[in-house]
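Asker: Below are the structure tokens for one structure; questions will follow.
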Amino acid sequence: MSRNKEKQNNELNRLYLSKLKRPKVKRPHLSQIHTVDELRRWLPIIEREIHMTLAQTTSVRYTDEKVESMYKQISELQNEHKKFRRKIAQLELGANVNVLTKTIPVEKPIHFYTKKSINNQHETLDDFFNKKLDLPLLSMNDYKIESSEKSLTVINNDKPFTNNSLMSLHTRKKRKKELREEYIEQDGLIFQLPDEILLHLFKYLSTEEIILAAGVCNLFRRVANDDKLWKIVDLTRKSYSNRVLVKFFRRFARPCTEILKISGAPNGKKIKNNLVKLPPYTEQLSYFIRTSYPNLRYLHISKYDFRDDPTACKNITYLPTNLQGLYLTKCEMLMTSIQGTSDFLKIPKAPLKGSTSNFSLEQLEILSFEQSSCLGLVSVRYLPDLSPNLIELNLNGCFRITRTRTFTDTLLSFHKTLRRLYLKETQVDDDTIHCICRKLKFLTILDIRLCKYVTKNIIENLLTLKQLEQLFADDIIKIEYEQRKLNEKL
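This note's numbering applies: residue 75 is where the sequence shown begins, and numbers increase by one.
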């Protein structure tokens, strides 16, 4: 009997509510509304539907599929709310007004209702059913949103909403958006500039700053995706791990990129000598560089290890082909040793697994091993076969380069093409410089700073380089060279 009476009370409750409830007017389509007042009249109704649907998601009686459908309904209502706000702004401010979304913190959190227990345990069932029922979904005072002429507040989907229900963890993680967002008009002068001016301003931004600017608005995103801004990808301002770089290359693949600069993140210190341990230049990293930037011409690699790690690229054939400039700065590479290890610069007869097919550096004009201390004389002898058309060779900081006949012959093999030669902190001597001045007559830049075996006796030889434009040398050599050169002109 009590169960039947409970059902009857529920039916009476629904009947009573149906009589109190006003007939629901169907919301017209946005294209059928042409006045601001009518648009503003529907905004609170959309907001009320969003809050009611959101409140229902906290109930434990719904399955995950039902809760997920509620969230989809909330997203649709949010989009509809945004369209209403956008049309209000266009009707009030003009059709050409751009609209920018900006996230703001939630001013008033939504307090969801919970199941209430009977406080008075001695209360009879008749007294309980005769008292006024608490229907929280009908008390919408907490959901009223005050209208404001200046602030246009709608729903935001950028931050995760705090939900204390018993829904699954997967569903809660999937919901990563907030419920507040503000539409503001783009009345700044920068939004009135043409795309050409914005593109010129964006050229002064770094790659990281361009990515951040693209997230501001659709106008900035369109300008930031221009191919002219992606010809140079510079990621050397901060050291990134290989995992982050791979994600970046997969997401921002650009066929228009011609210059790529990367710098490895240190992996701690070596135990023996307390030196910084360089990250490995892995085959995976090399693969995504080749596939994401097929038209790459200049590759700058700094602070990477090509030796110790099993996944490291131990041969130059893993690098992109048809490069015009290759910069290996402060890198550690495999060199020929008495243990029989293969040299990094030696191209194997059979192609290695995972290496670049049809690898060739015949177009290479600039090759730099600056501060790569592992480069030795045995490795240098492979350069003429590897890249016979070198215009610039940078060996600054390669202290293993000594005054030998092998090194001199290697340099002389570039007598037709070499224009810029950097030998700072190497162990070359006067005889080496004498051979260079005698054969490399097209040199325009020569760097022999901090070469302890080079003396001022080579000034006579330096004066024979008639096309030499810049000489980087110690003060004793440079001052006397400039004086003698000036006297010859007089």
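Where is the CB? At the ideal position from N, CA and C, for every residue including glycine.
1) Residues in its own chain within less than 7 Å of residue 406 by CB, not counting five upstream and five downstream?
2) Can you tell me the Cβ-Cβ gap for residue 365 and residue 337, rounded? I've got them flagged as a contact below 8 Å.
3) I'd like to know whether the C-beta atoms of residue 537 and residue 545 end up nearer to each other than 8 Å.
4) The alpha helix (DSSP H) that contains residue 307, what's its start and end?
5) Looking at the structure shown, is residue 424 part of a helix, part of a strand, or coil, going by DSSP?
6) Where does residue 374 sit, in a helix, a strand or coil, going by DSSP?
7) Rank 374, 418, 284 by C-alpha distance to the C-alpha of residue 296 and give the top, closest one.
8) Please state whether the Cβ-Cβ distance between residue 522 and residue 507 is less than 8 Å.
9) What residue range is occupied by the uninterrupted beta strand (DSSP E) comprising residue 442?
10) So residue 106 is in the alpha helix (DSSP H); what residue range does that whole segment cover?
11) What does a CB cutoff of less than 7 Å around residue 359 pick up in its chain, not counting 5 residues either side in sequence?
12) If contact is defined by three or more beta carbon pairs under 8 Å, each pair taking one atom from either stretch, is the region 84 to 92 in contact with the region 140 to 158?
13) Could you tell me which residues DSSP puts in a beta bridge with residue 386?
14) Helix, strand or coil: which one does DSSP assign to residue 148?
15) Between residue 502 and residue 465, is the Cβ-Cβ spacing less than 8 Å?
16) With distances taken from CA atoms, which of 430, 432, 532 is nearest residue 511?
17) Could you tell me whether the Cβ atoms of residue 334 and residue 374 are closer together than 8 Å?
18) Where does residue 333 fall in DSSP's three states?
19) Under a three-way DSSP split, which group does residue 379 fall into?
20) Tell me whether residue 102 sits in a helix, a strand or coil according to DSSP, three-state version.
21) Does the beta-carbon of residue 431 have 16 or more other beta-carbons within 10 angstroms, so that it is buried, or is it exposed?
22) Is residue 484 near residue 434, with beta carbons less than 8 Å apart?
23) Any idea what DSSP makes of residue 417, helix, strand or coil?
24) Using only CA atoms, which one of 388, 325, 504 lies nearest to residue 299?
25) According to DSSP, simplified to helix, strand and coil, what is residue 94?
26) Can residue 497 and residue 517 be called in contact, C-beta distance under 8 Å?
27) Would you mind reading off the limits of the beta strand (DSSP E) that contains residue 403?
28) Need the endpoints of the beta strand (DSSP E) that residue 481 sits in, please.
29) State the Cα-Cα distance for the pair residue 478 and residue 288, rounded to the nearest angstrom.
30) Using a Cβ-Cβ cut-off of 6 Å (strictly less than) and excluding sequence neighbours within five positions of residue 332, which residues of its own chain qualify?
31) If you scan the region 121 to 146 from start to end, which runs of the alpha helix (DSSP H) of 4 or more residues do you find wholly inside it?
32) With DSSP as the reference, identify every bridge partner of residue 476, one or two as the case may be.
33) If you compare alpha carbons, which of 130, 529, 369, 112 is closest to residue 165?
34) Using only CA atoms, which one of 391, 492, 420 lies nearest to residue 439?
35) Out of 102, 152, 132, state which residue places its alpha-carbon closest to the alpha-carbon of residue 124.
36) With 16 other CB atoms within 10 Å as the buried threshold, where does residue 266 fall?
Answerer: Walking through what the data contain:
1) Residue 406 sits at position 332 when you count from the first residue of the sequence shown. Cβ within range, chain order: 352, 379, 380, 381, 448.
2) Here the question's residue 365 lines up with position 291 in the sequence shown. Here the question's residue 337 lines up with position 263 in the sequence shown. At roughly 21 Å, the Cβ-Cβ gap does not stay under 8 Å, so residue 365 and residue 337 are not in contact.
3) Residue numbering aside, residue 537 sits at position 463 when the sequence shown is read from its first letter. Residue numbering aside, residue 545 sits at position 471 when the sequence shown is read from its first letter. No, the Cβ-Cβ distance between residue 537 and residue 545 is not below 8 Å.
4) Residue mapping note: residue 307 aligns to position 233 of the sequence shown, counting from 1. Careful: residue 307 lies outside any alpha helix (DSSP H), inside the beta strand (DSSP E) at 306 to 314.
5) The sequence position of residue 424 within the sequence shown is 350, counting from 1. Of the three classes helix, strand and coil, the one that applies to residue 424 here is coil, per DSSP.
6) Position 300 of the sequence shown, counted from the start, is the residue given in the question as residue 374. If DSSP states are grouped into helix, strand and coil, residue 374 belongs with the strands.
7) As a first step, residue 296 must be located in the sequence shown, where it is residue number 222. Checked all of 374, 418, 284; the closest Cα to residue 296 is 284.
8) Here residue 522 is taken as the residue at index 448 of the sequence shown, counted from 1. Here residue 507 is taken as the residue at index 433 of the sequence shown, counted from 1. Yes. Within cutoff.
9) Counting from one through the sequence shown, the residue named residue 442 turns up at place 368. Looking at the DSSP string, the run of the beta strand (DSSP E) that includes residue 442 is 440 to 442.
10) Within the sequence shown, the letter at position 32 stands for residue 106. Here residue 106 belongs to no alpha helix (DSSP H), and DSSP marks it neither H nor E.
11) What you label residue 359 is simply residue 285 of the sequence shown in a count that begins at 1. Answer for residue 359: 316, 319, 320, listed in chain order.
12) no
13) Counted from its first residue, the sequence shown places residue 386 at position 312. BP columns for residue 386 point to 356.
14) As a working mapping, residue 148 is identified with position 74 in the sequence shown. Three-state DSSP puts residue 148 in a helix.
15) Position 428 of the sequence shown holds residue 502. Position 391 of the sequence shown holds residue 465. Taking 8 Å as the Cβ cut-off, residue 502 and residue 465 do not qualify as a contacting pair.
16) Residue mapping note: residue 511 aligns to position 437 of the sequence shown, counting from 1. Closest by alpha carbon: 532.
17) As a working mapping, residue 334 is identified with position 260 in the sequence shown. As a working mapping, residue 374 is identified with position 300 in the sequence shown. Yes, these two residues count as a Cβ contact at 8 Å.
18) For this step, residue 333 is matched to residue 259 along the sequence shown. Of the three classes helix, strand and coil, the one that applies to residue 333 here is strand, per DSSP.
19) Here residue 379 refers to the residue found at position 305 of the sequence shown. Strand at residue 379.
20) Position 28 of the sequence shown, counted from the start, is the residue given in the question as residue 102. It is coil, neither helix nor strand.
21) Numbered from its first residue, the sequence shown carries residue 431 at position 357. Label assigned to residue 431: exposed.
22) Against the sequence shown, residue 484 aligns to sequence position 410. Against the sequence shown, residue 434 aligns to sequence position 360. It is not a contact, given that the beta carbons lie outside the stated cut-off.
23) For the purposes of this step, residue 417 is identified with residue 343 of the sequence shown, where counting begins at 1. Coil, per DSSP.
24) As a working note, residue 299 is residue 225 in the sequence shown. Measuring from the Cα of residue 299, the nearest candidate turns out to be 325.
25) Taking the first residue of the sequence shown as 1, we reach residue 94 at position 20. Three-state DSSP puts residue 94 in a helix.
26) Numbered from 1 along the sequence shown, position 423 holds the residue referred to as residue 497. Numbered from 1 along the sequence shown, position 443 holds the residue referred to as residue 517. In this structure, residue 517 does not lie closer than 8 Å to residue 497 by Cβ.
27) Within the sequence shown, numbered from 1, the residue matching residue 403 stands at position 329. Residue 403 -> beta strand (DSSP E) spans 399 to 403.
28) Within the sequence shown, residue 481 is the residue found at index 407, counting from 1. Segment 479 to 486 is the alpha helix (DSSP H) holding residue 481; no beta strand (DSSP E) there.
29) On the sequence shown, residue 478 is found 404 positions in, with the first residue counted as 1. On the sequence shown, residue 288 is found 214 positions in, with the first residue counted as 1. The alpha-carbon atoms of residue 478 and residue 288 are separated by roughly 54 Å.
30) Taking the sequence shown and counting its residues from 1, one reaches residue 332 at position 258. Closer than 6 Å at Cβ, skipping near neighbours: 305, 371.
31) none
32) Your numbering for residue 476 matches position 402 in the sequence shown. Beta-bridge pairing links residue 476 to 501.
33) Working through the sequence shown from its first residue, we reach residue 165 at position 91. Closest by alpha carbon: 112.
34) The count along the sequence shown starts at 1 and reaches residue 439 at position 365. Among 391, 492, 420, the Cα nearest to that of residue 439 is on 492.
35) As a first step, residue 124 is located in the sequence shown; it is residue number 50 there, counting from the start. If we check each option's Cα against that of residue 124, 152 comes out closest.
36) As a position in the sequence shown, residue 266 is number 192, starting the count at 1. With fewer than 16 Cβ atoms within 10 Å of its Cβ, residue 266 is classed as exposed.
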